[in-house]
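Going left to right, the sequence shown walks through residues 116 to 428 as the working numbering numbers them.
Glycine included, C-beta positions come from ideal geometry on N, C-alpha and C.
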Amino acid sequence: METTRVNAVFEGGGVRGISLTGAVRAAEKHGIVFNRVAGTSSGSIVAALLAAGYTADEMKAAIERTPPASLLRKSAFPAVRLFLRKGLYSGKRLEKWVAELLASKGVRTFGDLPDGKLRIIASDITNGRLLVLPGDISQYGIAPERFSVARAVRMSTSIPYFFDPVVLRQPFKERKKQAVRSRFSYVVDGGLLSNFPLWLFQQDGSSDPATSVIGFQMVGRSDAQPHRIIGPVSMFQAMFETMLSAHDERYIEKNKEIRTIKIPTLGVSGTQFQLTPEKSEALYRSGLEAGEKFFQSWDRKAGVLKVNISKPK
């Protein structure tokens with residue numbers, strides 16, 4: 116089978132991320148080889164596992180062995196925990212799960228991967244800036260090649276107030292410029308600033324310009340019941356899910372749209388952690404079907420879909 120190398124970008128979408136693995140399976144069936152990969156939130160999990168050498172079938176099996184709800188451990192005093200830790204749930208279980216999966220392929224730090232193979236998006240809400248990891252971790256006095264891939268994934272998936280933020284100590288030279296209360300940076304979900312960083316491989320200048328960039332995007336608003344706002348936490352969760360829906364539905368320029376796989380999410384919410392096996396399988400199938408549809412019409416030589424684009428009259 117003829118193979119084609121591509122750079123891939125995976126959008127964030129919470130528990131719906133298994134749909135991305137279905138689209139990856141379609142890509143594999145059509146001879147696609149992933150060169151460089153990047154992702155936000157749940158997309159960062161898929162990107163990290165691909166970078167480590169996982170196949171779509173291996174990723175699907177790993178996700179099915181570990182239901183999303185098993186990564187949560189509810190506190191007996193959620194209000195107290197939220198006040199002290201800034202999150203309802205710890206992200207440690209998720210980080211440990213990802214770390215174990217990566218370690219089984221011999222990957223622990225970014226230095227275990229080829230240079231530039233993987234990029235992960237996170238948000239530093241203390242300094243109000245987007246982080247592209249591992250490169251931007253050097254701003255905190257940490258060597259990028261020594262930085263844990265699983266920790267980067269945890270940063271990117273830390274939905275504010277839902278999961279604890281990851282706290283980083285700013286370098287001494289930076290701390291001298293800050294007030295005492297600002298000597299630490301709180302890092303949360305990359306979806307706050309760039310949930311679908313399709314721009315990344317276009318702007319970094321390190322990728323082969325002849326290598327196509329394909330985006331894997333989850334689309335479709337949740338058809339769940341309206342959010343019940345009973346306090347600040349439920350209000351923020353509603354705001355965050357609305358923001359992600361806006362990302363899904365936002366306008367994408369035509370030159371990007373023709374190389375983006377759009378995966379229907381079947382009305383599943385990104386924070387619907389009590390996901391049934393049947394619904395999880397349906398999401399995977401949705402990704403597989405969307406991927407098949409895309410690659411059947413994709414011109415691998417031109418790197419675009421086989422469509423006729425008429426000039427405006």
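Cα-Cα separation, S412 to E210: 37 Å
Classify V213 as helix, strand or coil using the three-state DSSP reduction. helix
Proximity below 8 Å, CB of R151 to CB of K201: no
Among P312, R284, L307, Y399, the one whose alpha carbon lies nearest that of S300: R284
Q332 - DSSP class collapsed to helix/strand/coil: strand
Bounding residues of the beta strand (DSSP E) (the contiguous stretch that carries R140): First-last for R140: 133-144, but that is the alpha helix (DSSP H), not the beta strand (DSSP E).
Cβ neighbour criterion (16 or more within 10 Å) applied to K175: buried
Exposed unless 16 or more other CB atoms sit within 10 angstroms - verdict on E126: buried
Can you tell me where the beta strand (DSSP E) with V152 in it begins and where it stops? 147-155
Taking just the CA atoms, how far does G206 sit from I376? 29 Å
Bridge partners - Y399, DSSP secondary structure assignment: Y399 is not bridged to any residue.
Apply the 10 Å Cβ neighbour rule to Q389 and answer buried if 16 or more other Cβ atoms are within range, or exposed otherwise. exposed
Just to check my reading of the structure: L398 and V124 have Cβ atoms closer than 8 Å, yes? What is that Cβ distance to the nearest angstrom? That pair is no contact at about 19 Å.
What's the gap between the Cα of L313 and the Cα of M333? 13 Å
What three-state label does DSSP hand K394 in the structure shown? helix
Rounded to whole angstroms, what's the CA-CA distance from D363 to A218? Just pull it up for me. Note on D363: pLDDT 38, under 50, position unreliable in the model; the coordinate value appears next. The alpha-carbon atoms of D363 and A218 are separated by roughly 32 Å.
Can you give me the Cβ contacts of P183 inside the same chain, cut-off strictly under 6 Å, excluding the 5 residues immediately before and after it? V130, F388, L390
With DSSP collapsed to three states, give me the class of R196. helix
Across which residues does DSSP place W314 in a beta bridge pair? The partner list for W314 (beta bridge, DSSP) is empty, contrary to what the question assumes.
Considering only their Cβ atoms, is the gap separating L248 from R261 smaller than 8 Å? no
By the three-class DSSP mapping on this structure, what secondary structure does D279 have? coil
From the DSSP output, read off the bridge partner residues of V121. F149, S327
Please determine, among D279, T272, F277, the residue with the shortest C-alpha to C-alpha distance to S309. T272
Other residues of its chain near A167: CB distance less than 7 Å, five sequence neighbours each side excluded: L217, K220, V222
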